[in-house]
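Protein chains in written order, with my numbering: chain A, 1 to 467; chain B, 1001 to 1467; chain C, 2001 to 2467; chain D, 3001 to 3467. Note that the Cβ used here is the ideal one computed from N, Cα and C, for glycine as well. Since the structure is predicted, the reported quantities are computational estimates derived from the model, not experimental observations. What follows is one structure encoded as structure tokens, with my remarks underneath.
Number of protein chains: 4
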Amino acid sequence: MKGEWGEHCGIFGVYGHPEAANLTYLGLYALQHRGQESAGIVSSDTQTLHSYRNMGLVSEIFTRDVLKRLPGRSAIGHVRYSTAGSSDLKNAQPFTAHYTRGELAIAHNGNLVNAHILRDELEAHGSLFQSSMDTEIIVHLIALSNENNLAGRAVRALKQVEGAYCLLFLSENEMIAVRDPHGFRPLVLGRQKNAYLVASETCAFDLIGGEFEREIEPGEMVVVNEDGLHSFYPFTPVTPSHCVFEFVYFARPDSFIFGRNVYAVRRELGVQLAREHPADADIVIPTPDSGFSAAIGYGHEATIPIELGLIRNHYVGRTFIEPRQSIRHFGVKIKLNPVKELTKGKSVAVVDDSIVRATTSRKIIKMIRRAGAELIHVRISSPPITHPCFFGIDTPMRSELIASSHSIEEINRYITSDTLGYLSLEGLKRCVGDENGSFCYACFSGGYPIKFPTRMGDSQLRLFEDR
Amino acid sequence: MKGEWGEHCGIFGVYGHPEAANLTYLGLYALQHRGQESAGIVSSDTQTLHSYRNMGLVSEIFTRDVLKRLPGRSAIGHVRYSTAGSSDLKNAQPFTAHYTRGELAIAHNGNLVNAHILRDELEAHGSLFQSSMDTEIIVHLIALSNENNLAGRAVRALKQVEGAYCLLFLSENEMIAVRDPHGFRPLVLGRQKNAYLVASETCAFDLIGGEFEREIEPGEMVVVNEDGLHSFYPFTPVTPSHCVFEFVYFARPDSFIFGRNVYAVRRELGVQLAREHPADADIVIPTPDSGFSAAIGYGHEATIPIELGLIRNHYVGRTFIEPRQSIRHFGVKIKLNPVKELTKGKSVAVVDDSIVRATTSRKIIKMIRRAGAELIHVRISSPPITHPCFFGIDTPMRSELIASSHSIEEINRYITSDTLGYLSLEGLKRCVGDENGSFCYACFSGGYPIKFPTRMGDSQLRLFEDR
Amino acid sequence: MKGEWGEHCGIFGVYGHPEAANLTYLGLYALQHRGQESAGIVSSDTQTLHSYRNMGLVSEIFTRDVLKRLPGRSAIGHVRYSTAGSSDLKNAQPFTAHYTRGELAIAHNGNLVNAHILRDELEAHGSLFQSSMDTEIIVHLIALSNENNLAGRAVRALKQVEGAYCLLFLSENEMIAVRDPHGFRPLVLGRQKNAYLVASETCAFDLIGGEFEREIEPGEMVVVNEDGLHSFYPFTPVTPSHCVFEFVYFARPDSFIFGRNVYAVRRELGVQLAREHPADADIVIPTPDSGFSAAIGYGHEATIPIELGLIRNHYVGRTFIEPRQSIRHFGVKIKLNPVKELTKGKSVAVVDDSIVRATTSRKIIKMIRRAGAELIHVRISSPPITHPCFFGIDTPMRSELIASSHSIEEINRYITSDTLGYLSLEGLKRCVGDENGSFCYACFSGGYPIKFPTRMGDSQLRLFEDR
Amino acid sequence: MKGEWGEHCGIFGVYGHPEAANLTYLGLYALQHRGQESAGIVSSDTQTLHSYRNMGLVSEIFTRDVLKRLPGRSAIGHVRYSTAGSSDLKNAQPFTAHYTRGELAIAHNGNLVNAHILRDELEAHGSLFQSSMDTEIIVHLIALSNENNLAGRAVRALKQVEGAYCLLFLSENEMIAVRDPHGFRPLVLGRQKNAYLVASETCAFDLIGGEFEREIEPGEMVVVNEDGLHSFYPFTPVTPSHCVFEFVYFARPDSFIFGRNVYAVRRELGVQLAREHPADADIVIPTPDSGFSAAIGYGHEATIPIELGLIRNHYVGRTFIEPRQSIRHFGVKIKLNPVKELTKGKSVAVVDDSIVRATTSRKIIKMIRRAGAELIHVRISSPPITHPCFFGIDTPMRSELIASSHSIEEINRYITSDTLGYLSLEGLKRCVGDENGSFCYACFSGGYPIKFPTRMGDSQLRLFEDR
């Protein structure tokens, strides 16, 4: 069911700027790679919230007219991706609601592992649900809380949820940012003159000329209102579990997250990959654009020249009409085409960041082979993905992950490469500099940092005990 | 005036395929880099022509419903770009008209240098014009011709025009491709099973699984109908003048044109550039994506590591809303952001294919400088552009070309780089292997291969003398 | 505030028909006069509810594609009008929600007088509100009820609300129709073969070939499920208060409501008006189309010929662009134009159903005067409107009702007519045959049939006492 | 073939007003009944023409933004209707073109009978055609003319065409209105302050507060430029042939055309109809809205009370989705519903303006019968339509006109009425006051006032003899 599975998302917020909605629009634009399905912005003019959400890209949704109707000096925004078919405007964010204390908007990146249990309890209490999003649960919990201020109510609500969350709350006169105690997803704090900025990645600050101040810490709550910025640590501390896949694939190379620049880490993965799995190749070819950084590192370490042998079509549309007559490798050709002069008669090392279902990899290898390559060595800058993610990245079911049921050699045969090398888990850990075990490698190892609650637990009893 | 200036364009045609419009759609999609403003397809079901043209990208314009309304086994298509402001659906192609022999569609890449004279004469004769396109002139000349078949009428019409043209004609039962005697623009011939294909570049064949047969020769006319393919050379031969800028910038790297693969040529330009203008740099950074191939060659020859230090935003929309408060380097940041960790404290060689107005280059250099680079060496893989193009590439007026009025050292100061090196014209000639003087370098040298006719010529008298 | 004020609305429901959504679409189309701002349909396929709501007219919103996505054998629909400016998709109906027992959709015609009190109580309990509609209150009350079935929960919820309501509920396997004990708004029951139909007016049955069975009684609840139709009377009976304005203006002339045909009643109002206020006129002119029926009666009784002297433009668009230069009577001319040949030099009796703000009447009279009429006698087929409606018709604030602060003679002077005659309240009562005082005349008399609750009442205490 | 058949159209022009496009928009809005398929406006700012045309209603096509892009003090506009299926934006008007003298726009109401011959000749001469409209022929003829000014060229062109035309020409600095010598279609001249107005009907002047000056005479050409208004009569005079169907059905009742008010004529048709075909009926029911005026006259003369027994749905959309299950009389019910209380057990006289195919009449009669009427007398306020129109009204082929092949008694049986009476041709002539034979009754009599030219005529020789 939708809602159990995490989604890719990006969030952005600004407090104290005369063009709050415009900056949020630009911030979301820079975070577009984190979600291309829907986007939304909610602004506050201190009296009331103004909201606009729609399906599509940020640059399509937010026209000048739409942005004019989002007045005020504070705003939060959200971009979202979810698997095809389940897309629905109802599930676009930020989510907004009226409750006894006024209006509230919330933007959420991550997902909760005890969502079902909480939803059942809330419905039993008489709560009505409008969407299938985890996020709505948090709003109900806040509405049910008796604390005096929004921060207190949010803390009380969040103490009941488990999972991954970076959250932005906006009320008429306050913006609150929270990162879960495990720090699964990145969240960064910035300034632009007197305005405070919060974003999923630092690249959002770069676009609007903002200064990166620091990361928001795991378990930290940052409250921004007319009295300035206040930081709290209301949750019981735990060992962090940063998502290593943000480094491997998800974040933008120019961003700085989890204490490192993404490009630098990704390049090092390529270097380490070359050490673990050298290849007797004439050229190194990256898969655009996700394999670029690792391929640079690989080629440099292996002293094999890099060539951009796969040309990407930059005008890929949302829907694509395929002719009835099947064309060989059609699906992947829409996006990529090999430069035959480079591959003809060569031994080629193809570098990519990861393999999920392996169907696309197979098409690419076959296409390169048809373009004349004699030997194809596939090098992957992360370990085999064997387990799904429950903390905010939209991986497929376990049965669809090829590495969950096939050996590396079997995958090599399936994708028709000559040799296949994956980066080792140890190599990955070394590259990200994880000395304290503060990263989550669950998708590679199955070692989930949070236990999944069952409905038999006693959380059911606790929820309303103090009402 | 609009119409005097050339436009970027791409053309595609297919004859003898049950999914002619679908293939044309895909072919145009692969040629989208040659024009993003408007697109159109005309198909023939042997009885009548069916047409659809609109503003926008190929993938947006052609829905399944639109393609269904383009039946038949032959079709031609066109993508077009023109300078902002003058865009108009009237000027979208293919152009269609009824005349005494039936219906005719025409798709044109290039532009004519005696368009004004011909238009004045035609209007004096009583011809009505619907558009401001050169292309319409050719159709009027065909309508006025008395020859017995379309090929004959097209030859008679084209003998009166001077300039650059790759043309596709479609009548109810024939497709005709013509390349002007100078061969300014590329035009290639292919097959897909029993169907004949024509395209501006070979990358269009790759996408649809077609086989590249050969280039259509300068001055060649290819007629395809139910009797098969026939080739003619109806024009007086001249020395070819292939547009060298197709190699430098315009064509796609995976295409094969003018007897060479574009990527290979472009990479060699980088190699030659490194020889002519070495740089004492720690890293080589290409400007995405146009500088990629040359930067690879440059880095390789100079043995300086390549790093992808400028990250491109892949979701750039058509219109972009800028905040009222000016943000430093905003315009270029929408598209590019530097990876600070790479540039900080480094000596950097930035490789690009060309400089036109230099305003974007200046923004990029300043942005890299702000990202911490100590020394910035700009290397350009073509000579300074000093003259406008009149043969189908949309360059600005001469006064706007910075190299037409500034020395290289002045440009270096303007764009704020530490050193600036352009590839020499001789180097460029050597790389493209031009031993017979068969390329046009007019934008670098001012040596235009066609004399521009004045209204005082006697062509005015000749036009209708035999009617 | 929005939500306190009633809106014009129409509702339609069908149970047990293979084309439930299609029939609902047609039913709403026939009820379009009851609300032109937004429309929605929810259908049930017995497993889940399917919903589509949008701003606009029924014929614009529901395309073939949209209707295909509303499968199932039962459906309810809603058309809605509200004052300009407050329109918002959030407030479109039917309203849908998930709660502990499953899914629920509700369509509501009318409005509640204790909405604020209930909303405050519900928010204090922790309920979140998505809209500003009264209707959402009823859904929250149902979600909080512990009764075993939907009918029981709906009764429990409705016992807490006061005001005017005709409601349609749709769950996965049941449709429920309820009319409030006062019977303010009409609600009728019909059959089409084996399917049950419910609608605001009988004209909806005519369009789809359905048979009118009977009116749903004040205070009656009709439950339709796979066991057939069941009728209940769960509320304490009160004297009915049918809205007399449905007869005067709101319902369609071809409908049968409150035991009478609307045209027949409206024509009788004209006959009675002629008796009370004869006019020495050459011709009778109705205001299209609302004055048609009464004018027929007036002309017949007064033996003055009727002429259709005001021509209506049938293509009135939603937004209209007025030239900057003011044109005399522009606003009303967009809709109406007099036939000068009829009015020139004549004494004219203009018959309309009612006067609200009098600004439009003034414009019409001035326009007719300019068209040459010598004497203009205005005759209104209802008494002066002196009080706003709180039971589901969107009248303006009391201060905007001209008759609340001006005498008939003052109104006559303001609208520039020569004489002005209103039907008497007694005449109105006689025409609708109200022997038992079972109609609401509050807009004419201020005698509201329900006392408005204050927040100090004890309903606050009762709401959750049994939880 | 399309183009041979006339279309319904309306035209409007203004010269010398700062809001020329806005007034034209309003003028077209008032003329919307003359064509609902497409609309267009062309304005002139004295330097260049600005144009916008689209499919749809005037109020949908012309937004504030569109109108802003139509600057200048003169403008012409057009509304158009054509038979379903042949609609195409290419055939929307005004038609615009560039020729040797500059730019030209043209709006045309009517159609030509020698269009085919002229088109063949023009194509033989080398002219290209963009559309299938007669109107384009006139523009080509103008472009081929050698006269010194636009008026001269237009006269020369129009001397070659035969048929019905009211034309508006707009060049950069002139507006020209022409009405064909037979005066088939109406065309009226007006003023608004210093601006000159031209329209198909006077109702267009009423909306914008313009004054009706006079009709433009058959064969008159009115030239308006900065020197003021000039009138010419360049054509050989003939006996006029005003289209009597404009009075019967087509024009708006509030308009003044052919020297009379339309409502007054239409009412007289009803009076005469009552004299010729009295009915023993309890009530007279008009078919909305086309039967209104005649029914008033009929009821008055016959002293039978009028009742508005058919209620019209005012929200009819363009496309309508019919349920798969056939509903009785569905097609007509979408638009009309009888008031059963009026018809039950009654003898009813139904008055309509005309019968074309009779399928709709049959549905209406059956619907009224089902609503309980005992006797139904159909009365038609014009004679049987036996012949198609070739002068600008879009009647169906002769074989589809029921009266071309059926007697009145047969039609009576087909539509299932009890009695059927048509107005006599003599009665019609008397009502329109046609003492000099200055009307066209061809659709009733087959007496076409223009001989249709064959291709064997000598017009072919004359066309270019003087070139």
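With residue i and residue j assumed to form a contact (beta carbons below 8 Å), what rounded beta-carbon distance in angstroms separates them?
i: A/Val351; j: A/Tyr298; result: 5 Å
i: D/Gly3013; j: D/Met3175; result: 5 Å
i: C/Ala2075; j: C/Ile2041; result: 6 Å
In chain order, what residues of the same chain lie with their CB nearer than 7 Å to the CB of residue i, ignoring the 5 residues before and after it?
i: C/Pro2018; result: Arg2073
i: C/Ala2084; result: Residue placement at C/Ala2084 is flagged as unreliable, the pLDDT there being 36, under the threshold of 50; the coordinate-derived value follows with that caveat. Cβ neighbours of C/Ala2084 beyond the five flanking positions: none.
i: A/Asp280; result: Ser347
i: D/Val3244; result: Leu3428, Val3432, Phe3439, Cys3440, Tyr3441
Please name the residue in the options whose C-alpha comes closest to that of residue i.
i: C/Phe2390; options: C/Tyr2448, C/Lys2335, C/Asn2436; result: C/Tyr2448
i: C/Glu2322; options: D/Asn3114, D/Phe3062, D/Gly3016; result: D/Phe3062
i: A/Tyr25; options: A/Val238, A/Asn261, A/Ile208, A/Ser445; result: A/Ile208
i: C/Ser2407; options: C/Asp2394, C/Tyr2422, C/Glu2268, C/Pro2396; result: C/Tyr2422
i: A/Pro286; options: A/Gln36, A/Leu342, A/Ile257; result: A/Leu342
i: D/Ile3138; options: B/Ile1137, B/Gly1126, B/Asn1149; result: B/Gly1126
i: D/Phe3232; options: D/Ser3171, D/Glu3121, D/Ile3216; result: D/Ile3216
i: A/Leu310; options: A/His300, A/Val284, A/Ala302; result: A/Val284
Who are the Cβ neighbours of residue i in its own chain at under 8 Å, not counting the five residues just before and after it?
i: A/Ile365; result: Val350, Ile376, Val378, Ile415, Thr416, Ser417
i: D/Gly3016; result: Arg3073, Ser3074, Asn3194, Ala3195, Tyr3196, Val3224
i: C/Tyr2081; result: Glu2007, His2008, Cys2009, Arg2034, Gly2035, Gln2036, Glu2037, Asp2394
Quick one: what's got a C-beta closer than 6 Å to residue i's C-beta in the same chain, skipping five residues either side?
i: A/Ser361; result: Ile355, Ile415
i: D/His3050; result: Ser3043, Leu3070
i: B/Gly1331; result: none
i: C/Gly2427; result: Gln2272, Glu2276
i: C/Val2223; result: Ala2151, Ile2176, His2230
Following the continuous beta strand (DSSP E) through residue i, name the residue where it begins and the one where it ends.
i: A/Asp352; result: 347–352
i: A/Ser231; result: 228–232
The alpha helix (DSSP H) with residue i in it runs from where to where?
i: C/Cys2203; result: 2203–2207
i: A/Met367; result: 359–370
Residues, ordered as in the chain, of the region 3007–3033 of chain D that lie near chain C by beta-carbon distance below 9 Å: His3017, Pro3018, Glu3019, Asn3022, Leu3023, Tyr3025, Leu3026, Tyr3029, Ala3030, Gln3032, His3033
Check distances from the C-beta atoms of the region 2173–2192 of chain C to those of chain D and list, in chain order, the residues that come in under 8 Å. none
The region 2099–2114 of chain C: which residues have C-beta closer than 9 Å to a C-beta of chain A, in chain order? Tyr2099, Thr2100, Arg2101, Leu2104
Residues of the region 3252–3276 of chain D whose Cβ lies closer than 7 Å to any Cβ of chain C, in chain order: Arg3252, Pro3253, Asp3254, Asn3261, Tyr3263, Ala3264
Select from the region 1296–1318 of chain B all residues with a C-beta closer than 9 Å to any C-beta belonging to chain A, and list them in chain order. Ile1296, Gly1299, His1300, Pro1305, Ile1306, Glu1307, Leu1308, Gly1309, Leu1310, Ile1311, Arg1312, Asn1313, His1314, Tyr1315, Val1316, Gly1317, Arg1318
Interface residues of the region 3125–3138 of chain D facing chain B [CB-CB below 9 Å]: His3125, Gly3126, Ser3127, Leu3128, Phe3129, Gln3130, Ser3131, Ser3132, Glu3136
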